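Asks: Numbering (full-length UniProt numbering), first residue to last: 1 to 391. Every residue, glycine too, gets a C-beta built ideally from N, C-alpha and C. In this text, all values refer to a predicted model and were calculated from it rather than measured experimentally.
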Amino acid sequence: MTRTAVLLFTRDLRVHDNPALAAACEADRVVPLYVDDPGRASNPNQRAFLLDALDDLRESLQGLGGDLVVRTGDTAEQVQAVRAATGAEHVVCASDAGRFAAGLLERLESAGGLRVTPGPAVVEPGRLLPSGGGDHYKVFTPYWRAWSQVRWRETAPEPDRLRVPDLPASDELAPAEPTATDLPAGGERAGLARLDEWAPDSGDYGDRHDDLAGDRTSRLSPYLALGCLSAREVAADPRVSEDFVRQMCWRDFHLQVLAAFPALADTAYRNGGNDVWEADLTALEAWKTASTGIDIVDAGMRQLHAEGWMHNRARLITAGYLVKTLGLDWRDGEAHFAAHLVDYDEANNAGNWQWTAGTGNDTRPNRGFNHERQAGRFDPEGAYRDRWSRT
DNA sequence: TGAGTTTTGAT
DNA sequence: TCAAAACTC
Numbered sequence: 001m002t003r004t005a006v007l008l009f010t011r012d013l014r015v016h017d018n019p020a021l022a023a024a025c026e027a028d029r030v031v032p033l034y035v036d037d038p039g040r041a042s043n044p045n046q047r048a049f050l051l052d053a054l055d056d057l058r059e060s061l062q063g064l065g066g067d068l069v070v071r072t073g074d075t076a077e078q079v080q081a082v083r084a085a086t087g088a089e090h091v092v093c094a095s096d097a098g099r100f101a102a103g104l105l106e107r108l109e110s111a112g113g114l115r116v117t118p119g120p121a122v123v124e125p126g127r128l129l130p131s132g133g134g135d136h137y138k139v140f141t142p143y144w145r146a147w148s149q150v151r152w153r154e155t156a157p158e159p160d161r162l163r164v165p166d167l168p169a170s171d172e173l174a175p176a177e178p179t180a181t182d183l184p185a186g187g188e189r190a191g192l193a194r195l196d197e198w199a200p201d202s203g204d205y206g207d208r209h210d211d212l213a214g215d216r217t218s219r220l221s222p223y224l225a226l227g228c229l230s231a232r233e234v235a236a237d238p239r240v241s242e243d244f245v246r247q248m249c250w251r252d253f254h255l256q257v258l259a260a261f262p263a264l265a266d267t268a269y270r271n272g273g274n275d276v277w278e279a280d281l282t283a284l285e286a287w288k289t290a291s292t293g294i295d296i297v298d299a300g301m302r303q304l305h306a307e308g309w310m311h312n313r314a315r316l317i318t319a320g321y322l323v324k325t326l327g328l329d330w331r332d333g334e335a336h337f338a339a340h341l342v343d344y345d346e347a348n349n350a351g352n353w354q355w356t357a358g359t360g361n362d363t364r365p366n367r368g369f370n371h372e373r374q375a376g377r378f379d380p381e382g383a384y385r386d387r388w389s390r391t
């Protein structure tokens, strides 16, 4: 009896260290599938990156003797259609959190035959729990201590070949219409190349990652957001410093918050922060269009629009300006970032916006940012502001 | 460099 | 009881 498994790729678009791929290969035949689902939140810049990543993944799978089926529509329905067409008994899919992913996994589960494998985190949400009770950690530092001590999963073996049945036809994907002009190339190969470019020279990450003009951050976030790189492999890379690994832990932290609090993107995680916001549409529009008149803020927003990406320090400054100086609703800022970021990730975007707004996982929620002081500290020569000045 | 300022999570 | 992403002045 031949067993066939549908391997549903979601945001694990790689062949290295992919637990879902390894699990699917335990079946006799594998149907590699990606579903372009309009219900999955994204944006045109991330879509351009996604299409690159799918091309790269298809090429890798073809190199293993397989291929990639791409369908358009509702994911659960397409999975059922592909199962019916190929006689697949099983479905393998990586775990994930967030409203779309959680709902999808529930529907796949109820259809039966589902195997869920480790997802985008280094340490799965729910694996670490505070000893005093509770379903997730709400404070980072205790989480970091536990995360650092727990044993991470083993590397998932990469198959040397893929046995596929007769595959159903793919749908043609709508092209991306990115708004940014200077996007990174998507895909696993590009991600590994970026890692090899950055990691050997990343020893001063802890000292220099806040340097706006120095631009020394990893720029791995778009690859991590769609799983072109395995977060576990990046965090375990001997070339990266502990300061950077700590940032990787923040990613896991926010994912386990989102898993426990699915409404994170539009509902205050905790009370005590401001919950009355100004409704100044003119001010919001100025922020969105990089016309606040504050050079460091406008520079960050111009970088966002040009690259679909913003330096982390600039994210803090622009977000802090929106919520603390203008007094506007953090959800409007969250939505604008979500509409442009090539590295858009629900857990990180929402978690960090809530942190800035004082409604998130911060035990001292009343910190403010002084944009002049921030510019002086992190862009002392004004080189970042010059680079992204109005043309 | 250190105090301010505050509530609640983790042990 | 201790301590807490990113600060400010």
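1) How about Gly66 and Pro32: do their beta carbons lie closer than 8 Å?
2) Are the beta-carbon atoms of Arg385 and Asp379 separated by less than 8 Å?
3) Assuming Trp287 and Leu264 make a contact with CB atoms under 8 Å, what is their CB distance in whole Å?
4) Around the Cβ of Arg313, are there at least 16 other Cβ atoms within 10 angstroms (buried) or fewer (exposed)?
5) Once you ignore the five residues that flank Leu258 on each side, which residues in its own chain have a CB closer than 6 Å to its CB?
6) Within this structure, are the beta carbons of Ala20 and Gly186 separated by less than 8 Å?
7) Judging by CA-CA distance, which residue of Glu307, His371, Phe253 is the nearest neighbour of residue 407?
8) What do you reckon, are the CB atoms on Pro159 and Cys25 nearer than 8 Å?
9) DSSP three-state call for Asn348: helix, strand or coil?
10) Report the residue ranges of all beta strand (DSSP E) runs contained in full by the UniProt domain "Photolyase/cryptochrome alpha/beta" (3-124); include only those spanning at least 3 residues, in chain order.
11) Would you mind giving the Cβ-Cβ distance between Leu162 and Leu64, rounded to the nearest angstrom? I have them listed as a contact below 8 Å.
12) With H, G and I counted as helix, E and B as strand and the rest as coil, what does DSSP make of Asn366?
13) Between the Cα of Asp329 and the Cα atoms of Val91, Trp355, Met310, Val342, which residue gives the shortest distance?
14) Grouping DSSP H, G and I as helix and E and B as strand, with all else coil, what is Asn361?
15) Cutting at 7 Å between CB atoms, please list the residues of its own chain near Val123, excluding the five before and the five after it.
16) Let's see if you can read the secondary structure: which residues bound the alpha helix (DSSP H) around His336?
17) Between Leu108 and Asp12, what straight-line distance do the alpha-carbon atoms span, to the nearest angstrom?
Replies: The answer reads as follows:
1) yes
2) yes
3) At roughly 22 Å, the Cβ-Cβ gap does not stay under 8 Å, so Trp287 and Leu264 are not in contact.
4) buried
5) Ala97, Gly98, Leu264, Ala347
6) no
7) Here the chain comprises residues numbered 1 to 391, so residue 407 is not present and cannot be evaluated.
8) yes
9) helix
10) 4-9, 29-36, 69-72, 90-94, 114-117
11) 4 Å
12) coil
13) Trp355
14) coil
15) Trp147, Val150, Trp152, Asp252
16) 330-340
17) 17 Å
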